[in-house]
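Here is the structure we will look at.
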Amino acid sequence: MSHSIRSTNPEFDNLNINNVELTTYDNDQAGVIVVQKGPASIAEGSKGSEVNVTLTKQPDVGEVVTVKVSEIVTGDNKNQLSFVDQTLIFTHSNWNSTQTVLVNAIDDSDTENSYRATVQFETSSSNIADSGFSSLNTAESEINIIVEDNDKGAVLVTASHGSTIVNSEKSDSYSLVLSRAPKAPVTVNLLNDGQTLFSCDDKRFNAEDNSVTFTAENWNEAITITLNVNPDYDAQSTSQPVQKPPLQPHLLTQITR
Ligand SMILES: [Ca+2]
Ligand SMILES: [Ca+2]
Ligand SMILES: [Ca+2]
19 MSHSIRSTNP
29 EFDNLNINNV
39 ELTTYDNDQA
49 GVIVVQKGPA
59 SIAEGSKGSE
69 VNVTLTKQPD
79 VGEVVTVKVS
89 EIVTGDNKNQ
99 LSFVDQTLIF
109 THSNWNSTQT
119 VLVNAIDDSD
129 TENSYRATVQ
139 FETSSSNIAD
149 SGFSSLNTAE
159 SEINIIVEDN
169 DKGAVLVTAS
179 HGSTIVNSEK
189 SDSYSLVLSR
199 APKAPVTVNL
209 LNDGQTLFSC
219 DDKRFNAEDN
229 SVTFTAENWN
239 EAITITLNVN
249 PDYDAQSTSQ
259 PVQKPPLQPH
269 LLTQITR
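Each residue of the sequence shown is one higher than the one before, starting from 19 at the first, in my numbering.
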């Protein structure tokens with residue numbers, strides 16, 4: 019879906035407006051509707067991610083449609099996900115009530131990179147002979163969830179609603195959480211180029227120096243940081259923003275071309 023704008027106000031006239039992508043489901047055709055409530059990325063041992071499932075059309079009277087949820091694992095890879103409510107049952111009477119699957123990241127002990135896992139929803143019907151639900155293409159309902167390792171230390175950054183956009187009328191937010199329990203308090207410095215302001219009511223946020231400190235007791239509780247436009251930002255300033263590099267090894271082998 020696209021948009022256009024005309025206005026006598028030259029600031030708005032002919033502005034570019036983002037397109038919106040819509041998915042339309044045909045209620046005459048058997049199908050499964052999968053909606054990720056989120057979060058889109060989960061750490062091993064964290065609280066998990068919710069996925070809502072309904073059907074596109076009503077099964078026949080007496081027909082039982084089963085949706086089996088599983089992770090697609092290829093080659094020598096191991097399962098990275100586990101599911102609560104892995105098998106969903108839909109009937110003539112409950113077909114349009116949302117059922118929720120909780121997806122968890124298995125807490126293994128391997129040190130791993132961030133991994134993009136794929137979840138599939140296989141449908142079958144008790145009316146095998148004449149039900150469209152028995153012959154669905156599972157590729158059409160697959161979803162991806164990013165699994166973050168908790169066997170190495172990391173700060174997981176998640177933008178609310180998938181992006182971070184602020185203007186003078188609108189703030190936005192993102193969250194921070196650690197991937198594993200730290201042995202000592204961990205302080206994360208929030209840096210920007212002066213065009214935005216950080217704010218947060220959480221006691222772990224220090225407004226004096228824009229830092230967040232996690233401890234062994236609260237490392238897995240995400241903290242939400244709000245961003246607003248800095249009304250005092252001077253775009254004409256000749257001074258350069260100061261960026262403090264994080265404390266981590268900086269290796270020449272990490273340079274890519
Ligand atoms: Ca893992
Ligand atoms: Ca682990
Ligand atoms: Ca691991």
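Every residue gets a Cβ at the ideal spot worked out from N, C-alpha and C, and that includes glycine.
Would DSSP call residue i helix, strand or coil?
i: Thr-92; result: coil
i: Glu-158; result: helix
i: Thr-274; result: Caution is warranted here: a pLDDT of 49 is assigned to Thr-274, below 50, making its placement in the model unreliable, and the coordinate value is therefore given only provisionally. Of the three classes helix, strand and coil, the one that applies to Thr-274 here is coil, per DSSP.
i: Ser-153; result: helix
i: Gly-63; result: coil
i: Gly-56; result: strand
i: Thr-111; result: This sequence places Ser at residue 111; Thr is not what is there. DSSP places Ser-111 in coil when its eight states are reduced to three.
i: Ser-178; result: helix
i: Glu-140; result: strand
i: Asp-288; result: In this structure the chain extends from 19 to 275, so residue 288 is not present and cannot be described.
i: Asp-250; result: coil
i: Asn-70; result: strand
i: Val-11; result: The chain is shown from 19 up to 275; residue 11 falls before or after that span and cannot be answered.
i: Tyr-192; result: strand
i: Arg-134; result: strand
i: Asn-238; result: coil
Give me the Cα-Cα distance between residue i and residue j, rounded to the nearest whole angstrom.
i: Asn-228; j: Glu-89; result: 40 Å
i: Glu-187; j: Asn-246; result: 9 Å
i: Val-191; j: Thr-214; result: Checking the sequence, you will find Ser at residue 191 rather than Val. Ser-191 and Thr-214: Cα-Cα distance of roughly 12 Å.
i: Leu-194; j: Thr-156; result: 34 Å
i: Val-83; j: Lys-96; result: 29 Å
i: Val-85; j: Leu-106; result: 5 Å
i: Gln-104; j: Val-50; result: 15 Å
i: Ile-183; j: Ala-177; result: 10 Å
i: Glu-160; j: Glu-140; result: 10 Å
i: Asp-126; j: Thr-205; result: 26 Å
i: Ala-202; j: Ala-234; result: 7 Å
i: Ser-111; j: Asp-78; result: 10 Å
i: Val-91; j: Asn-27; result: 55 Å
i: Ala-147; j: Gln-76; result: 17 Å
i: His-179; j: Cys-218; result: 18 Å
i: Lys-74; j: Asn-131; result: Before going further, note that residue 74 is Thr rather than Lys in the sequence given. Approximately 37 Å between the Cα atoms of the pair.
i: Thr-42; j: Ala-48; result: 13 Å
i: Gln-138; j: Ser-59; result: 17 Å
i: Val-175; j: Ser-149; result: 44 Å
i: Gln-254; j: Glu-226; result: 25 Å
Relative to the C-alpha of residue i, which residue among the options is closest?
i: Asn-36; options: Ala-48, Glu-140, Ser-20; result: Ser-20
i: Phe-216; options: Pro-203, Val-230, Val-204; result: Val-230
i: Leu-40; options: Val-53, Asp-46, Pro-28; result: Val-53
i: Ser-181; options: Pro-57, Gln-47, Leu-120; result: Pro-57
i: Glu-158; options: Glu-166, Ile-164, Thr-136; result: Thr-136
i: Gly-66; options: Thr-242, Asp-44, Glu-166; result: Glu-166
i: Ile-163; options: Tyr-133, Asp-148, Gly-171; result: Tyr-133
i: Ala-240; options: Glu-81, Asp-44, Thr-74, Val-173; result: Val-173
i: Phe-108; options: Thr-242, Gly-80, Val-175; result: Gly-80
i: Asn-122; options: Val-87, Trp-113, Asn-145; result: Val-87
Looking only at its own chain, which residues have a Cβ that is under 8 Å from the Cβ of residue i, when we skip the five neighbours before and after it?
i: Ile-23; result: Phe-30, Asp-31, Asn-32, Leu-33, Ile-35
i: Ser-115; result: Thr-72
i: Asn-185; result: Val-247
i: Trp-237; result: Val-195, Leu-196, Arg-198, Ala-199, Pro-200, Val-204
i: Asn-45; result: Thr-74, Lys-75
Ordered along the chain, which non-local residues of its own chain (more than five positions away) have a Cβ less than 6 Å from that of residue i?
i: Asn-168; result: Ala-61, Glu-62, Gly-63, Ser-197, Arg-198
i: Phe-223; result: Val-230
i: Tyr-251; result: Gly-212, Gln-213
Is it the case that the CB of residue i approaches a heavy atom of ligand 5 more closely than 8 Å?
i: Gln-76; result: As for ligand 5, it is missing from this structure, which binds only ligand 1, ligand 2 and ligand 3.
With a CB to CB cut of under 7 Å and the five nearest residues on each side skipped, what residues in its chain are close to residue i?
i: Lys-55; result: Glu-68, Val-69, Asn-70
i: Ile-128; result: One point to set straight first is that residue 128 is Asp, not Ile, in the sequence displayed. Result list for Asp-128: Asp-169, in chain order.
i: Ser-25; result: Asp-31
i: Ser-189; result: Thr-244, Leu-245, Asn-246
i: Ser-144; result: Glu-81, Val-82
Taking residue i and residue j to be in contact with their CB atoms under 8 Å, please state how far apart those CB atoms are, rounded to whole angstroms.
i: Pro-200; j: Phe-151; result: The Cβ separation is near 48 Å, so there is no contact.
i: Ile-124; j: Leu-99; result: 7 Å
i: Ile-243; j: Leu-208; result: 7 Å
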